[in-house]
Amino acid sequence: MTISARATPPRIGLTGGIGSGKSTVAAIWRDAGHRVIDLDAHSRAVLDTPGDGVEEAVTRFGERFRTSGGIIDRAALAALVFADDEARADLEAIVLSRVDRAVAAEEREAAAAGEALVVHDSPLLLEKDRGLDYAAVVAVLARWEDRIHRVVRDRGKDRAYVESIMAAQVTDLERIRRADRLVLNTTDRGTLAQRARHALAVLVDAL
């Protein structure tokens, strides 16, 4: 596919629930040479990097949420916003406006480089009802117990924590209904890589 350097590359949305293997698929696509924009990383950077995002958060929520390193204590702030809908909406406004600008900058770089597409690695794509922002949406699916085991093993979280996150996310049935392509993470990484590359190749051919 050839694309003008002034055009905006088509977007592919990549999503999946906690422990599904979405980040692994993103890495597979990135290693294959595609530009993958990690929206979660941009989101974390707003509060993990001293700057105007941190200052706006401190102004809104209080100096007690600033760490000695000059960034936001995200765990403490999360405890607040998950119990207060208004606070959560305010935090999302602070973070998402900056994420959108960072993503737009990466997309301009992709366009200038003549890249054929960009992938948005977006864990809350469906929860935020952003499906129409993409030429296609790919959802990564894995078994419920496999997901729990993976997060407990790799991130040191307990089962109750993982299940609480899963309960707050859309169901796999909803992902199946709303995604254009599915990637099943049900065996080993080699098989997942084959499935991931095939799914993206099909979408690229259709763009």
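For what it's worth, the working numbering labels the leading residue of the sequence shown as 1203, then goes sequentially.
For each residue, glycine too, the CB sits at the ideal point set by N, CA and C.
Next item on the list: Measure the alpha-carbon distance for Glu1265 versus Ala1259 and round it to whole angstroms.
Entry: Start at 1 with the first residue of the sequence shown, and residue 1265 comes out as number 63. Start at 1 with the first residue of the sequence shown, and residue 1259 comes out as number 57. Glu1265 and Ala1259 have their C-alpha atoms some 9 Å from each other.
Notebook entry, point to check: By how many angstroms is the C-alpha of Ala1408 removed from the C-alpha of Pro1252?
Noted result: Mapped onto the sequence shown, residue 1252 falls at position 50. Mapped onto the sequence shown, residue 1408 falls at position 206. Pro1252 and Ala1408 have their C-alpha atoms some 42 Å from each other.
Next item on the list: For Ala1207, count neighbouring C-beta atoms within 10 Å of its own C-beta (all shown protein chains included) and say buried if the count is 16 or more, exposed if not.
Entry: Here residue 1207 refers to the residue found at position 5 when the sequence shown is read from its first residue. For Ala1207, the predicted model reports a pLDDT of 44, less than 50, meaning its position is unreliable; a value from the coordinates is still stated below. With fewer than 16 Cβ atoms within 10 Å of its Cβ, Ala1207 is classed as exposed.
Margin query: For Asp1360 and Ala1314, what's the separation of their Cα atoms in angstroms?
Written below: Along the sequence shown, read from residue 1 onward, the residue named residue 1360 stands at position 158. Along the sequence shown, read from residue 1 onward, the residue named residue 1314 stands at position 112. When rounded, the distance between both Cα atoms is 44 Å.
Check: CB Leu1405 to CB Asp1323, shorter than 8 Å?
Finding: Position 203 of the sequence shown, counted from the start, is the residue given in the question as residue 1405. Position 121 of the sequence shown, counted from the start, is the residue given in the question as residue 1323. The answer is no: Cβ separation not under 8 Å.
Check: Which one of Leu1241, Arg1276, Gly1235 has the shortest CA to CA distance from Leu1249?
Finding: By one-based count along the sequence shown, residue 1249 stands at place 47. Nearest C-alpha to Leu1249: Arg1276.
Note to self: Tell me which residue opens and which closes the alpha helix (DSSP H) that Arg1379 is part of.
What the structure shows: Working through the sequence shown from its first residue, we reach residue 1379 at position 177. Looking at the DSSP string, the run of the alpha helix (DSSP H) that includes Arg1379 is 1374-1380.
Notebook entry, point to check: So with Cβ pairs under 8 Å, would you call Arg1355 a contact of chain D?
Noted result: The structure shown contains no chain D; it holds only a single protein chain.
Next item on the list: Within the same chain, show all residues whose beta-carbon is closer than 7 Å to that of Glu1376, passing over the 5 residues directly before and after it, in chain order.
Entry: As a working mapping, residue 1376 is identified with position 174 in the sequence shown. Leu1328, listed in sequence order.
Next item on the list: Return the chain-ordered list of same chain residues with a C-beta closer than 6 Å to the C-beta of Arg1232, the five sequence neighbours on each side being excluded.
Entry: Along the sequence shown, read from residue 1 onward, the residue named residue 1232 stands at position 30. Excluding residues within five positions, the ones whose Cβ falls inside 6 Å are Val1238.
Notebook entry, point to check: Can you tell me the Cα-Cα spacing of Arg1397 and Lys1224, whole angstroms?
Noted result: Here the question's residue 1397 lines up with position 195 in the sequence shown. Here the question's residue 1224 lines up with position 22 in the sequence shown. Arg1397 and Lys1224: Cα-Cα distance of roughly 12 Å.
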